[in-house]
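Here numbering that gives the first Met the number 0 is used: the first residue of the sequence shown is 0, the next is one more, and so on.
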Amino acid sequence: MSFKEWFKKIKKEYDAKKKAEEKAALKEQKSENQEYPNRFVKFYHLNKEKLNKERKGSYSRRRQTGICVRCKRKVVPGIVFCEYHQAKQKEYNQKARQKG
Ligand SMILES: [Zn+2]
Numbered sequence: 000m001s002f003k004e005w006f007k008k009i010k011k012e013y014d015a016k017k018k019a020e021e022k023a024a025l026k027e028q029k030s031e032n033q034e035y036p037n038r039f040v041k042f043y044h045l046n047k048e049k050l051n052k053e054r055k056g057s058y059s060r061r062r063q064t065g066i067c068v069r070c071k072r073k074v075v076p077g078i079v080f081c082e083y084h085q086a087k088q089k090e091y092n093q094k095a096r097q098k099g
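Rendered as structure tokens:
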């Protein structure tokens, strides 16, 4: 391969890469200004992070309110599960212990 050919090849690759990058940047820009199908979807997209944080927060909130973290039944005092899920959890822990 001559230097000219090599240079052509490199330039072609470089141009292709640049084009791809430009395309990606454009796509990103587009998605930011995107029209959402409805305001709920828009709200979700704009508040995704916040919503996720709140979802995590609801775990400790439920702990405080005495509601099972897996369903909406009342918890057994002192733990985060209702009777049903406490039993489930015990079963699960036993299985995990047997495995290890
Ligand atoms: Zn439960």
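Backbone N, C-alpha and C fix where the C-beta goes; we use that ideal spot for every residue, glycine too.
Keep in mind that this is a model prediction, so the values were computed, not measured.
| Asked | Found |
| --- | --- |
| Cβ pair count under 8 Å reaching 3, the stretch 80 to 87 against the stretch 65 to 72 | yes |
| Residue burial classification, V40 (beta-carbon count within 10 angstroms, cutoff 16) | exposed |
| Strand pairing of I66, partner residues [DSSP] | K73 |
| Sequence-ordered residues whose beta carbon comes within less than 6 Å of a heavy atom of ligand 1 | C67, R69, C70, R72, F80, C81, Y83 and H84 |
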